[in-house]
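What follows is a short report on a single structure.
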Amino acid sequence: MGHRPMSDDGPERRFRTLFISDVHLGARGSQTHLLLDFLRVHDADTIYLVGDIIDGWALKSSWYWPQSHNDFAQKLLRKARKGARVIYIPGNHDEFLRSYYGTHFGGIEVAESAIHTGVDGRRYLVIHGDMFDLVVQNARWLAHVGDKAYDLAIRLNRIVNALRRWFGVPYWSLSQWAKHKVKNAVNYIGAFEQTLAQEARRHGTEGVICGHIHTAAIRDDHGIRYMNCGDWVESCTALAENEDGRFEIITWTDPLKRNLPVPTVAARAA
């Protein structure tokens, strides 16, 4: 898609549905400023917040809540007031919201999971996915240790990318690179995808939409369509459903991208 001039009348691209996960409000690594920029350019009739939108783990450790985090929350509330359906499915980092299933906050619905029906009638199970992570479920202390190590990697990532910006080199994710190079990480991602595909099959759906592992994907490897939203800490990605039923992953790592064709990974709901 080519660039169109920004208009004050509305976003450049409107979708049937947007899926956003792993924003981690309250964590220093959250790239909320990029997400705000993304939402100025993209809109949808329905927005799913697929878990870990707020990082309760980080907030317990030390309070961090800059203005951009307030701005994101206010933007979602405005979208709900203007008629968008906003569904919030909590994850493990915002598990404190799991006590509020079935309630509404400013028009935002809180649900344990959802079934999303595509344009072609195919049904997708929408869940965060942490309940299928054996480390989170059976060794929470190890998950917290891993979370600290991940925070360190994100800090290093910010330093690396500050240097890259200085030299005019595009954004690069250190932790994403490590995930694709370390054999155990690759195996973990594959096992996670397979498990989520099995859960979708158990619910009688044709696909699953999730978050949790910060790795955006659209795959049909297990006889079930697996789609992951990615995150807004490293990859800065969202999953979008077009009006024609086509799903795509949109990457938004640089605010200047609004002046360039939007890069996507696309798959038709065929």
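Residue numbering for the sequence shown follows this note's numbering, starting at 328 and increasing by one per position. Beta carbons: idealized from backbone N, C-alpha and C, even for Gly. All values reported here derive from a predicted model rather than from experimental measurement.
Contact holds between the stretch 352-364 and the stretch 562-581, because three or more Cβ pairs, one in each stretch, are under 8 Å apart. In the three-state DSSP reduction, I435 falls in the strand class (E or B). Here the alpha carbons of L523 and I454 stand approximately 9 Å from one another. Per DSSP, the continuous beta strand (DSSP E) segment holding T564 begins and ends at 564-568.
A distance below 7 Å separates the beta carbons of G557 and A543. By the Cβ neighbour-count rule, W493 is exposed, with fewer than 16 other Cβ atoms within 10 Å of its own. Considering only N419, S388, D372, the residue with the shortest C-alpha distance to G353 is S388.
In the DSSP annotation of this structure, the continuous segment of the beta strand (DSSP E) that includes N555 starts and ends at 552-555. With respect to G572, G448 sits apart: the two C-beta atoms are not nearer than 7 Å.
Taking a C-beta distance under 7 Å as the contact criterion, L376 and Y427 do not qualify as a contact pair.
Taking the C-beta atoms as reference points, S348 is found nearer than 7 Å to G538.
Listed in chain order, the alpha helix (DSSP H) runs fully inside the stretch 370-396 are 383-388, counting runs of at least 4 residues.
With a beta-carbon spacing of about 6 Å, V413 and L403 fall inside the 8 Å limit used to define contacts. Going by beta carbons, G418 and G378 fall inside the 7 Å limit. For E561, the secondary structure class from DSSP, reduced to helix, strand or coil, is coil. DSSP places A544 in the strand class (E or B) of the three-state scheme. If you compare the alpha carbons of E570, D370, D457, R529 with that of N555, the shortest gap goes to D457.
Ranked by Cα distance from G410, the options R552, D421, G433 are led by G433. Assignment of T444 by DSSP, reduced to helix, strand and coil, places it in the strand class. Around the CB of R405, fewer than 16 other CB atoms lie within 10 Å, so the residue is classed as exposed. In this structure, A371 places its C-beta atom within 7 Å of the C-beta atom of F342.
Burial of A527 is indicated by the presence of at least 16 other C-beta atoms within 10 angstroms of its C-beta. Straight-line spacing of the CA atoms in Y451 and D581 works out to 30 Å. DSSP, reduced to helix, strand and coil, places Y428 outside both helices and strands of the structure shown, so it counts as coil. Measuring C-alpha to C-alpha distances from Q521 to each of T344, T532, D548, I435 identifies D548 as the nearest. Taking H530 as the centre and dropping the five residues before and after it, the same chain places the C-beta of L452 closer than 7 Å to its C-beta, in chain order. In the three-state DSSP reduction, I516 falls in the helix class (H, G or I). Annotated as proximal: I381 and D421, with beta-carbon spacing under 7 Å.
For Q394 and H351, the gap between their C-alpha atoms comes out near 14 Å.
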